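Chemist: Handing you this structure, nothing more for now.
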Amino acid sequence: MLSSNAFVDPGKMKDYHYTGPVEHRFSPYSFNGGTVLAVAGEDFAIVASDTRLSEGYSIHSRDSPKCYKLTDTTVIGCSGFHGDCLTLTKIIDARLKMYKHSNNKTMTSGAIAAMLSTILYGRRFFPYYVYNIIGGLDEHGKGAVYSFDPVGSYQRDTYKAGGSASAMLQPLLDNQIGFKNMEGVQHVPLTQDKAVQLVKDVFISAAERDVYTGDALRVCIITKEGISEQTVPLRKD
Amino acid sequence: MDTFCTVYCYAVSRSSPDICSLTRIYYDAGCDDLSFSASNGVVLATEKKQKSILYDEQSVHKVEPITKHIGMVYSGMGPDYRVLVRRARKLAQQYFLVYQEPIPTGQLVQRVASVMQEYTQSGGVRPFGVSLLIAGWDEDQPYLFQSDPSGAYFAWKATAMGKNYVNGKTFLEKRYNNDLELEDAIHTAILTLKESFEGQMTEENIEVGICNEAGFKRLTPAEVKDYLAAIA
């Protein structure tokens, strides 16, 4: 693009494009990368995230997981702008405690999801730059996944990928868990072990192609017994 | 009307008003009502004496639903009650908006009682001239709460409010036990109401509300008539 300043010489062809000095506006956001994934099973749920924290071409940390434990039956995965991820999880924790003191009971996954939607929409005109996915067990003990957009639109899913490599993971999950675009295949219900293995495999694939995803994978498995964690190494390049 | 004078008198007649005396005044002029928590539900019952036979009784109610699973009744000033019913309904919906879960009865009572307390401390307002009985069902359990003009609230197994609350409570103390079923509770509630009732009790001059796992419901006059027939 040619700019209209002293460099314009009418009649002469331009050899190069030079925009001149540009003042950069301060941006309140930055993108710190990371991918999160959640899968709901019959009596379990899995929330997984990579542990790389980046900015531009730099890596801030190779060990910054994006899964945060909320209750004994709920884990949230937050990716996007790390500053907003931290603040949002602090606010959710505070609201959880307030609810516990007031209601004398722990918040259910569905209630946390509904509340998060109102928290996010409360900042409709200066959003939390966070892609959230909640995974946990509902009141009946069945696996539940709730996925959000930055301003609070949400729905309950069986599986969902969010963050930088979401476009790579989601189609793969659609095929392997949703049995989409496959003909003549028996719909076998997903077992916990198969689900964990699938999650590990898809993240390894994502780390191959997405620069923001890699270093390590943290998998949180939520069952009625509690929350167990596994860490698996990923490509470091 | 009686209640009106009493409210305005309290500032004059009480030399050192404290919260306890404040509440007592409203009881003097209110109508009777009582409620009962059974093992599988709650019943609210109140008399609804109209001043003239020309009144259309079905156009105004004392027993009001707040949500599908919570209802309430009052003793005191009807207009003040209406305001609190609207407030309670709004508070219940606000809770649902955030948590997508029906508001627990105790939470609603806390919020309504906070509103009543505000009106004892803010400037330019007077306390609400009602005591509320709030009945609800959540997490497979019945709940019964009373909320006073002071903003204090109490949970009850069974209670009576209004003119003859002393006799009512004594009667309930004798008749109450933990294993009472809802049907028996309704029967007992109506009997208790009859103790202090002047004149003939018909389905037009009492109101009964029940709350069980199916939710809260105000009984229709036809249903009330059936229960009345049982005690005749």
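Going line by line, the protein sequences match chains U and R. Position 132 of the first sequence, counted from 1, bears residue number 131 in numbering that gives the first Met the number 0, the numbering being contiguous throughout. Position 25 of the second sequence, counted from 1, bears residue number 24 in numbering that gives the first Met the number 0, the numbering being contiguous throughout. We treat Cβ as the ideally placed atom computed from N, Cα and C, and that holds for glycine. Fair warning: this is a prediction, and the values are worked out from it, not measured in the lab.
Looking at C-alpha atoms only, which residue of U:46, U:88, U:111 and U:91 is the closest neighbour of residue 99 of chain R?
Modeler: Indexing the second sequence from 1 puts residue 99 of chain R at position 100. The option with the nearest alpha carbon to residue 99 of chain R is U:111.
Chemist: So the alpha helix (DSSP H) residue 112 of chain U belongs to, where does it begin and stop?
Modeler: Taking the first residue of the first sequence as position 1, residue 112 of chain U is located at position 113. Here the alpha helix (DSSP H) through residue 112 of chain U covers 108-120.
Chemist: Compare the C-beta of residue 96 of chain R against all C-beta atoms of chain U and say whether one is closer than 9 Å.
Modeler: Numbered from 1 along the second sequence, position 97 holds the residue referred to as residue 96 of chain R. So, interface residue.
Chemist: Starting from residue 101 of chain U, find everything on chain R with Cβ-Cβ shorter than 8 Å and list it in chain order.
Modeler: Here the question's residue 101 of chain U lines up with position 102 in the first sequence. Neighbours of residue 101 of chain U on chain R, chain order: 106 and 109.
Chemist: For the segment 73-103 of chain U, which residues have a CB atom closer than 7 Å to at least one CB atom of chain R, in sequence order?
Modeler: Within the segment 73-103 of chain U, the residues whose Cβ lies closer than 7 Å to some Cβ of chain R are 101 and 102, listed in chain order.
Chemist: When the Cα of residue 107 of chain U is compared with those of U:101, U:71 and U:126, which residue comes out closest?
Modeler: The count along the first sequence starts at 1 and reaches residue 107 of chain U at position 108. Minimum Cα distance to residue 107 of chain U is reached at U:71.
Chemist: Thinking residue 108 of chain R and residue 152 of chain R are a contact (beta carbons under 8 Å), I'd like their distance in whole angstroms, please.
Modeler: Here residue 108 of chain R corresponds to residue number 109 of the second sequence, with the count starting at 1. Here residue 152 of chain R corresponds to residue number 153 of the second sequence, with the count starting at 1. Right, their Cβ atoms sit about 5 Å apart.
Chemist: Just to confirm my understanding: we take residue 59 of chain U, look at its own chain, exclude 5 residues before and 5 after, and list those with CB closer than 6 Å. What are they?
Modeler: What you label residue 59 of chain U is simply residue 60 of the first sequence in a count that begins at 1. Answer for residue 59 of chain U: 52, listed in chain order.
Chemist: Please report the residue range of the beta strand (DSSP E) in which residue 140 of chain R lies.
Modeler: Position 141 of the second sequence, counted from the first residue, corresponds to residue 140 of chain R. Unbroken beta strand (DSSP E) run through residue 140 of chain R: 140-146.
Chemist: In the segment 116-144 of chain R, which residues sit with their C-beta less than 9 Å from some C-beta in chain U, listed in chain order?
Modeler: Of all residues in the segment 116-144 of chain R, 138 have a Cβ within less than 9 Å of some Cβ in chain U.
Chemist: Nearest chain R C-beta to residue 237 of chain U closer than 9 Å, yes or no?
Modeler: A question about residue 237 of chain U goes unanswered here, because the residues of chain U that appear run from 0 up to 236.
Chemist: Quick check on this structure: which residue in U:26, U:38, U:75 and U:24 has the alpha carbon closest to the alpha carbon of residue 194 of chain U?
Modeler: On the first sequence, position 195 is the one that residue 194 of chain U refers to. With distances taken between Cα atoms, residue 194 of chain U lies closest to U:38.
Chemist: Would residue 99 of chain R pass as an interface residue toward chain U - the criterion being a Cβ-Cβ separation below 9 Å?
Modeler: Position 100 of the second sequence holds residue 99 of chain R. Chain U, which has a Cβ nearer than 9 Å to the Cβ of residue 99 of chain R, makes this yes.
Chemist: Any chance the segment 195-208 of chain R sits against the segment 118-132 of chain R, with 3 or more Cβ pairs inside 8 Å?
Modeler: Output reads no: the segment 118-132 of chain R does not touch the segment 195-208 of chain R.
Chemist: Which residue or residues does DSSP assign as beta-bridge partners of residue 136 of chain R?
Modeler: Along the second sequence, one-based indexing puts residue 136 of chain R at 137. Beta-bridge pairing links residue 136 of chain R to R:141.
Chemist: With 9 Å set as the bound, which would you pick, yes or no: does the beta-carbon of residue 70 of chain U sit closer than that to a beta-carbon of chain R?
Modeler: Along the first sequence, one-based indexing puts residue 70 of chain U at 71. No, residue 70 of chain U does not count as interfacial toward chain R.
Chemist: Can you tell which of U:48, U:74, U:54 and U:200 has the C-alpha that lies nearest to the C-alpha of residue 64 of chain U?
Modeler: Working through the first sequence from its first residue, we reach residue 64 of chain U at position 65. Ranking the options by Cα distance to residue 64 of chain U, first place goes to U:48.
Chemist: Listed in chain order, which residues of the segment 106-134 of chain U have Cβ atoms closer than 8 Å to some Cβ of chain B?
Modeler: No chain B is present in this structure, whose protein chains are U and R.
Chemist: Does any C-beta atom of chain U lie closer than 9 Å to the C-beta of residue 103 of chain R?
Modeler: Translated into the one-based positions of the second sequence, residue 103 of chain R becomes position 104. So, interface residue.
Chemist: What are the partner residues of residue 216 of chain R, as DSSP defines its beta bridges?
Modeler: Taking the first residue of the second sequence as position 1, residue 216 of chain R is located at position 217. Its beta-bridge partners are R:209.
Chemist: Measuring alpha carbon to alpha carbon, tell me which residue in U:226, U:139 and U:204 is nearest residue 214 of chain U.
Modeler: Position 215 of the first sequence, counted from the first residue, corresponds to residue 214 of chain U. When each option's Cα is compared against that of residue 214 of chain U, the closest is U:204.
Chemist: My output table needs one value for residue 156 of chain U: the three-state DSSP class, helix, strand or coil.
Modeler: By 1-based counting over the first sequence, the position of residue 156 of chain U is 157. Three-state result, residue 156 of chain U: strand.
Chemist: Quick check: what's the CA-CA separation for residue 93 of chain U versus residue 161 of chain U?
Modeler: Taking the first sequence and counting its residues from 1, the one referred to as residue 93 of chain U is at position 94. Taking the first sequence and counting its residues from 1, the one referred to as residue 161 of chain U is at position 162. Distance between the alpha carbons of residue 93 of chain U and residue 161 of chain U: 24 Å.
Chemist: Taking residue 95 of chain R as part of the alpha helix (DSSP H), name the residues at either end of that continuous run.
Modeler: Mapped onto the second sequence, residue 95 of chain R falls at position 96. Counting along the chain, the alpha helix (DSSP H) containing residue 95 of chain R begins and ends at 77-98.
Chemist: Quick check on residue 122 of chain R: does DSSP put it in helix, strand or coil?
Modeler: Numbered from 1 along the second sequence, position 123 holds the residue referred to as residue 122 of chain R. Three-state result, residue 122 of chain R: coil.
Chemist: So, at 8 Å on beta carbons, what are the nonlocal neighbours of residue 209 of chain U in its own chain, with the 5 sequence-adjacent residues on each side left out?
Modeler: To locate residue 209 of chain U, count along the first sequence from 1; it is residue 210. Same-chain partners within the cutoff: 34, 163, 164 and 167.
Chemist: Below 9 Å between beta carbons: does that hold for residue 232 of chain R and residue 149 of chain R?
Modeler: Nothing in the structure corresponds to residue 232 of chain R, since chain R is present only between 0 and 231.
Chemist: Quick one: what does DSSP say residue 126 of chain U is sitting in, helix, strand or coil?
Modeler: By one-based count along the first sequence, residue 126 of chain U stands at place 127. It is coil, neither helix nor strand.
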